[in-house]
Amino acid sequence: MILTSLTSAEDLDRAVAVGDDVLSRADLVERAGRFAAGLPDDGPVAVHATASIDTIVAVTGCLLAGVPVVPVPPDAGPAERGHVLRDSGATAWAGDRPDGAEVAALPPVRPAASAAAPREVDPEQTAMLLYTSGTTGAPKGAQLSGRAIASGLDALFEVWDWTPGDTVAHGLPLFHVHGLILGVLGSLRRGSRVVHTVKPQPARYAAAGASMYFAVPTVWNRIADDPTSARALGSARLLVSGSAPLPASLFERIAGLTGQAPVERYGMTETMITLSARAAGERRAGWVGLPVPGAETRLVPAGDGETGEVPGDGETVGRLEVRGPMLFSGYLNRPDADAECRAGDGWFRTGDLAVRDAGGFHRIVGRESTDLIKSGGYRIGSGEIEAVLLDHPSVSEVAVVGLPDPDLGQKIVAFVVGDGDGQALVDHVASQLSWHKRPREVVFVDALPRNPMGKVQKKLLGR
Ligand code: MLC
Ligand code: AMP
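Quick note: the sequence shown uses my numbering, first residue 185, plus one each step.
This is the structure we're talking about:
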């Protein structure tokens, strides 16, 4: 469904490159077909999602075979990985095996000697299960169907004038919407080339010679700090920013250095990309553009008890809700969480606050909850980090918040009642969860600010 064109598209010499490894489209189909022939048919397959050709082969093989794929961050510690594997019900493991009992229990996928033919796949079936943080508890598995992914990608082909002649370059992780679905699957579906730079370093972007560059604001910030690399991107057709707010000052710096304004787009794991500036349209600093084809938005009043929609006057803030064929089908095993974010009639509560102007342009002004942090473009729930820190013997109370950071957007800061060594707590989190979930700062305090009900007042922390 998502990759139907893969086998019929004209071959290109260099369809996929990850660092120095290059695969033609024909080679990818052949390797993915052999991988698919070795797949179990009784459940999702977990893929050790390193930035590598092997990850792309494994994901492509699962999609061609109609086997749901669960990309697992390669640096996920045992707590996070164990949860993902148990919750998803993965029945096999593809890729290198990190140490850990939870992985040892899964049989490896062994590619067969000859390729399996692609299967007819029900478009409503879950194609990909992406784990994403909520405000509390462990990450939730967002189930994305083949239809949702295909619709989301087709909308972007239209708004970005994305053609088979494009080359997309990026160095983002291969276990999220941005790097994996847009960067890799988008390119494979469209028939364009993709160059993955392994790490999102400015000089590697500059050397990629692409027509479209994808990056999160932290990466754009690092590119802007390296003017030689930034200027090299000036010959591209489109510089796309997303996954977190792009500060207006950074938008202007990129525009000044490259001679072209970035295209901003807004999305979520659960919704794919729903808002974007157009390749041929206005690009406005601080604004994320118009709904993509098929997507609809509405802004509902932020106050309790108010109904209807807020005026699209460019100033009145509302809770952003979206709907469209690119939305996920639900959180696996979490009907409670699913019900909380559905507003009826197909509308999904994003949890973001936004304004809309008379022309339909949207600006994201913040999030409703202080418990969801965006750091380096990663979405991180403070509850998951707090639970791991509370397991440490030197922590008696903790509150984790995101504080402004010029490079990461927000940095994770843990306010801890207890004693001991801050670095030991950072390492403790990094050993249990993905590295990017580690606090960048630990502040020891005598007590946490609480309201009369005993609830921690996170908004007072870090002031
Ligand atoms: C330091 N390190 C530690 C450590 N202390 N590692 C383990 N334990 C400790 N205690 C080191 C590691 O060795 C590693 O080194 C480095 O830290 C990695 O840390 P990091 O946090 O990854 O580095 P950083 O430079 O801060 O990363 C910035 C970044 C990254 C921009 C590269 O945040 C990133 O890739 N962001 C992209 C997120 C993304 O794609 N989001 C999209 C979500 S989808 P070494 O040697 O490896 O450097 C979505 C939908 C949409 O949002 O709209 O797109
Ligand atoms: P994730 O689930 O990791 O995809 O994170 C989704 C969240 O990232 C959204 O709910 C927003 O808070 C944020 N986000 C994504 N794109 C943008 C953007 N262009 N501007 C501001 N916030 C964004």
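By construction, the Cβ of each residue, glycine as well, lies at the ideal position given by its N, Cα and C atoms.
- Query: With a Cβ-Cβ cutoff of 8 Å, do VAL472 and ARG437 count as a contact?
  - Reply: Position 288 of the sequence shown, counted from the first residue, corresponds to residue 472. Position 253 of the sequence shown, counted from the first residue, corresponds to residue 437. The answer is no: Cβ separation not under 8 Å.
- Exposed unless 16 or more other CB atoms sit within 10 angstroms - verdict on GLU480: As a first step, residue 480 must be located in the sequence shown, where it is residue number 296. The residue in question, GLU480, is exposed, as its Cβ has fewer than 16 Cβ neighbours within 10 Å.
- Would you mind reading off the limits of the alpha helix (DSSP H) that contains GLY565? Locating residue 565 in the sequence shown gives position 381, where the first residue counts as 1. Note, GLY565: premise wrong, no alpha helix (DSSP H); beta strand (DSSP E) at 562-565.
- Of the residues LEU537, PRO509 and ASN517, which one's Cα is nearest the Cα of TRP531? Along the sequence shown, one-based indexing puts residue 531 at 347. For TRP531, the nearest C-alpha among the options comes from PRO509.
- Item | Nonlocal neighbours in the same chain, by C-beta distance under 6 Å from ALA274, ignoring five residues either side | What you label residue 274 is simply residue 90 of the sequence shown in a count that begins at 1. Once the five neighbours on either side are set aside, the close Cβ partners of ALA274 are PRO228, ALA230 and VAL254.
- Item | Cα-Cα separation, ARG374 to ASP575 | Start at 1 with the first residue of the sequence shown, and residue 374 comes out as number 190. Start at 1 with the first residue of the sequence shown, and residue 575 comes out as number 391. C-alpha separation (whole angstroms): 47 Å.
- Query: From ASP541 to VAL476, what does the alpha carbon distance come to, in whole angstroms?
  - Reply: To locate residue 541, count along the sequence shown from 1; it is residue 357. To locate residue 476, count along the sequence shown from 1; it is residue 292. Distance between the alpha carbons of ASP541 and VAL476 is about 16 Å.
- In angstroms with no decimal places, state the Cα-to-Cα distance between VAL378 and THR554. Walking along the sequence shown from the start, residue 378 turns up at place 194. Walking along the sequence shown from the start, residue 554 turns up at place 370. So the two alpha carbons sit approximately 36 Å from each other.
- Task: Have a look at GLY222, VAL241, ALA300 and GLY318 and flag the residue whose alpha-carbon is nearest the alpha-carbon of ALA276.
- Result: Here residue 276 refers to the residue found at position 92 of the sequence shown. When only C-alpha atoms are compared, the closest one is GLY222.
- Identify every residue that forms a DSSP beta bridge with LEU358. Along the sequence shown, one-based indexing puts residue 358 at 174. BP columns for LEU358 are empty, so no partner.
- Item | Burial state of ASP603 (16 or more Cβ within 10 Å) | In the sequence shown, residue 603 corresponds to position 419, counting from 1. If you draw a 10 Å sphere on the C-beta of ASP603, you find fewer than 16 other C-beta atoms in it, and that means exposed.
- Query: With DSSP run on the structure shown, which of helix, strand or coil describes PRO588?
  - Reply: Translated into the one-based positions of the sequence shown, residue 588 becomes position 404. PRO588 falls in the strand class under three-state DSSP.
- Query: Between SER329 and ASP522, what straight-line distance do the alpha-carbon atoms span, to the nearest angstrom?
  - Reply: Translated into positions along the sequence shown, residue 329 becomes position 145. Translated into positions along the sequence shown, residue 522 becomes position 338. Straight-line Cα distance between these residues: approximately 16 Å.
- Go ahead and pull the three-state DSSP assignment for VAL400. For the purposes of this step, residue 400 is taken as the residue at position 216 of the sequence shown. In the structure shown, VAL400 sits in coil (DSSP, three-state: anything other than H, G, I, E or B).
- Message: Report the CB separation of GLU625 from VAL597 in whole angstroms; it is logged as a contact under 8 Å.
- Response: Within the sequence shown, residue 625 is the residue found at index 441, counting from 1. Within the sequence shown, residue 597 is the residue found at index 413, counting from 1. The beta carbons of GLU625 and VAL597 sit about 5 Å from each other, so the pair counts as a contact at 8 Å.
- Task: Grab the span of the alpha helix (DSSP H) containing GLY606 for me, first residue to last.
- Result: For the purposes of this step, residue 606 is identified with residue 422 of the sequence shown, where counting begins at 1. Taken as a continuous stretch (DSSP letters only), the alpha helix (DSSP H) holding GLY606 covers 606-616.
- Query: When you compare each of LEU190, VAL610, PRO588 and VAL549 to ARG647 by their alpha carbons, which one comes out closest?
  - Reply: The residue you call residue 647 lines up with position 463 of the sequence shown. Among LEU190, VAL610, PRO588 and VAL549, the Cα nearest to that of ARG647 is on PRO588.
- What's the call for LEU644, buried or exposed, on a 16-neighbour Cβ count within 10 Å? As a position in the sequence shown, residue 644 is number 460, starting the count at 1. Exposure of LEU644 is indicated by the presence of fewer than 16 other C-beta atoms within 10 angstroms of its C-beta.
- Task: Return the residue from the list SER317, SER433 and LYS621 that minimises the CA-CA distance to ASP409.
- Result: As a first step, residue 409 is located in the sequence shown; it is residue number 225 there, counting from the start. Of the candidates SER317, SER433 and LYS621, the one whose C-alpha sits nearest the C-alpha of ASP409 is SER433.
- Message: Quick check on this structure: which residue in VAL539, PHE219 and MET452 has the alpha carbon closest to the alpha carbon of ASP499?
- Response: One-based indexing of the sequence shown puts residue 499 at position 315. Correcting the residue identity first, residue 499 is Glu in this sequence and not Asp. The shortest C-alpha separation from GLU499 is found at VAL539.
- Could you tell me whether any non-hydrogen atom of ligand 1 is closer than 7 Å to the CB of ALA336? Position 152 of the sequence shown, counted from the start, is the residue given in the question as residue 336. In the sequence on display, residue 336 carries Gly and not Ala. Distances from the CB of GLY336 to the heavy atoms of ligand 1 are all 7 Å or more.
- Query: When burial is assigned at 16 or more other CB atoms within 10 Å of the CB, is GLY489 buried or exposed?
  - Reply: If you number the sequence shown from 1, residue 489 lands on position 305. Burial call: exposed.
- Query: Mapping DSSP to helix, strand and coil, what is ASP205?
  - Reply: Looking up residue 205 in the sequence shown gives position 21. DSSP places ASP205 in strand when its eight states are reduced to three.
- Message: Once the 5 residues before and after LEU609 are set aside, which same chain residues still bring their CB inside 8 Å of it?
- Response: Taking the first residue of the sequence shown as position 1, residue 609 is located at position 425. Same-chain partners within the cutoff: LEU573, HIS576, SER578, VAL579, ALA598, VAL600, PRO623 and VAL626.
- Buried or exposed by the 16-neighbour rule on C-beta atoms within 10 Å, applied to MET396: Reading the sequence shown from its first residue, position 212 is the one you call residue 396. MET396 is buried by the Cβ-count criterion.
- Message: Let me check understanding here. Comparing Cα to Cα, which of MET452, PRO386 and GLY393 lies closest to ARG406?
- Response: The residue given as residue 406 occupies position 222 in the sequence shown. Answer by Cα proximity: PRO386.
- Terminal residues of the beta strand (DSSP E) in which GLU436 lies: Counted from its first residue, the sequence shown places residue 436 at position 252. Here GLU436 belongs to no beta strand (DSSP E); instead the alpha helix (DSSP H) covers 432-442.
- Count the C-beta pairs between the segment 311-330 and the segment 341-350 that are closer than 8 Å, then say yes if the count reaches three, no if not. At 8 Å Cβ cutoff, the stretches do not touch.
- Message: So the candidates are ALA463, GLN641 and HIS360; which of them puts its Cα closest to the Cα of MET312?
- Response: As a position in the sequence shown, residue 312 is number 128, starting the count at 1. Ranking ALA463, GLN641 and HIS360 by Cα distance to MET312 puts HIS360 first.
- Can you find a C-beta in chain C that's less than 8 Å from the C-beta of GLN444? Going by chain labels, chain C is absent from the structure shown, which holds only one protein chain.
- Range of the contiguous alpha helix (DSSP H) that encloses ARG622: On the sequence shown, residue 622 is found 438 positions in, with the first residue counted as 1. Note, ARG622: premise wrong, no alpha helix (DSSP H); not H, not E.
- Can you give the beta carbon distance from LEU337 to LEU369, rounded, assuming they're within the 8 Å contact cut? Stepping through the sequence shown from its first residue, residue 337 is reached at position 153. Stepping through the sequence shown from its first residue, residue 369 is reached at position 185. That belief holds up - the Cβ atoms of LEU337 and LEU369 are roughly 7 Å apart, short of 8 Å.
- Message: Can you check which of these residues, GLN594, GLU524 and CYS525, is closest to LYS558 by C-alpha distance?
- Response: Here residue 558 corresponds to residue number 374 of the sequence shown, with the count starting at 1. When each option's Cα is compared against that of LYS558, the closest is GLN594.
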